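First residue of the sequence shown: 122, per this note's numbering; consecutive thereafter.
C-beta atoms are modelled at their ideal positions from N, C-alpha and C, and glycine is treated no differently.
Keep in mind the model is a prediction, meaning the values are calculated, not measured.
Encoded as C-alpha cells, the structure appears first; notes follow it.
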Amino acid sequence: MARIQYTKALSTGIRVIDNDHRMLIDIANALHDAVDRKAADEEVSSALDALIRYVEEHFEREEKFMASCNYPDIAAHMKQHQGLAQTVYRLQRLNRTEPNKVSWNEVLDFIDTWLTHHIQKIDMAYVPYVRNLVSNKTAPTDALPPLQALTVRVPPDSIEALFTIVNILAEGGEEAKKLLDCAKQIKQAD
Ligand SMILES: [Fe+2]
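Here you go:
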C-alpha cells in the first residue's frame with residue numbers, strides 16, 4: 122500500500138506542529154510496514170500503540186495552542202480529534218481481542234486519509250490564529266470560553282461515555298450545567 126509523503130502542502134509553518142505531523146506520518150508509515158511485512162502480532166500491536174500514544178500527545182499539544190490563542194473553532198476541532206481517538210481506541214481493542222477481524226487495508230487507508238485531510242483543511246484553519254496573524258479581537262463575541270486540554274486515563278469501557286461528557290462540557294449550556302451540578306452533588310456525598 123502507498124505511504125503518506127510529507128510534502129510542503131502539509132506544512133503549517135509552525136515548527137513544533139510540523140514536527141508532530143512528521144512524527145505521526147512516520148509512525149503511520151511504520152504501521153503500514155509492519156502490516157505489509159506480515160510482522161508478528163506484537164510488532165503490529167506496538168506500532169499501533171505508538172500511533173495512539175503520539176496521537177494523544179499531539180492532540181493535547183495542538184489543543185493547548187488553540188486554547189492559548191482563543192481559537193474560535195476549538196470545540197469543533199476537538200470533536201474531530203475525539204472522533205479519530207475513538208476510532209483508534211476501538212481498533213486497539215479489536216486488535217487485542219480479535220486481531221483476525223481487523224481489516225488493515227481499510228484501517229490504514231482511513232488513517233492516511235484522515236491525517237492528510239485533517240492537516241490540510243482543519244489544522245490549517247487555526248494557523249493564522251496561532252501565528253498571531255489574526256487578532257484575537259476578531260473572534261466572535263459568542264465564542265466558547267477557552268478550553269483546557271488534559272490527558273486522563275480511564276477504563277476502556279468508559280471511553281465513549283467520557284467523550285460524550287467531554288463534548289457536553291465543551292459546548293457549555295444547560296446540559297453542561299446539569300452535569301456540573303451532578304458532579305458537585307457526588308463530591309459532597311463523598
Ligand atoms: Fe488537529
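Every unbroken alpha helix (DSSP H) inside the region 160-221 [4 residues or more]: Whole alpha helix (DSSP H) segments, 4+ residues: 162-189 and 195-218.
Alpha helix (DSSP H) segment containing Lys299, residue limits: First-last of the alpha helix (DSSP H) with Lys299: Gly294 to Ala310.
Selected residue, minimal CA-CA separation from Met187, among His238, Ile135 and Ile146: When each option's Cα is compared against that of Met187, the closest is Ile135.
Contact test: Glu181 Cβ vs ligand 1 heavy atom, cutoff 8 Å: No, Cβ of Glu181 sits at least 8 Å from all heavy atoms of ligand 1.
Own chain, CB closer than 7 Å to His153, minus 5 neighbours either side, in chain order: Closer than 7 Å at Cβ, skipping near neighbours: Met122, Arg124 and Leu229.
DSSP three-state assignment for Tyr127, whether helix, strand or coil: Note: Tyr127 maps to coil in three-state DSSP.
Contact belief for Asp244 with Ala149 at Cβ below 8 Å, rounded distance in angstroms: Incorrect: roughly 16 Å between the Cβ atoms, too far for contact.
Short Cβ contact (9 Å threshold) for Leu215 with Leu172: No, the Cβ-Cβ distance between Leu215 and Leu172 is not below 9 Å.
Beta-carbon proximity list for Tyr87, same chain, < 7 Å, skipping 5 on both sides: Nothing about residue 87 can be reported from this structure: the residues present for the chain run from 122 to 311 only.
Rounded C-alpha distance that separates Glu219 from Lys185: Our two residues, Glu219 and Lys185, have alpha carbons roughly 36 Å apart in a direct line.
Option nearest Ala246 by Cα separation, candidates Ile286, Asp157 and Ala197: The shortest CA-to-CA distance from Ala246 to any of Ile286, Asp157 and Ala197 is the one to Ala197.
Nearest to Thr133 (by Cα), restricted to the options Lys305, Lys242 and Ile307: Of the listed residues, the one whose Cα sits closest to Thr133 is Lys242.
Ligand 1 heavy atom lying under 8 Å from the CB of Gln241: Gln241: no, Cβ never under 8 Å from ligand 1.
Extent of the continuous alpha helix (DSSP H) run through Arg136: Secondary structure note for Arg136: its alpha helix (DSSP H) is the uninterrupted segment Arg136 to Asp157.
Sub-9 Å separation of Asp141 and Glu183 beta-carbons: Yes.
For Val223, three-class secondary structure by DSSP: DSSP, read as helix, strand or coil, puts Val223 in coil.
Cα-Cα separation, Cys190 to Arg211: One C-alpha to the other measures close to 32 Å.
C-alpha distance - Thr237 paired with Val223, whole-angstrom precision: Each residue's Cα considered, the two are about 22 Å apart.
Close Cβ partners of Leu300 (< 7 Å) along its chain, the five nearest in sequence each way excluded: For Leu300, where only same-chain residues beyond five positions count, the Cβ hits under 7 Å are Ile286, Ile289 and Leu290.
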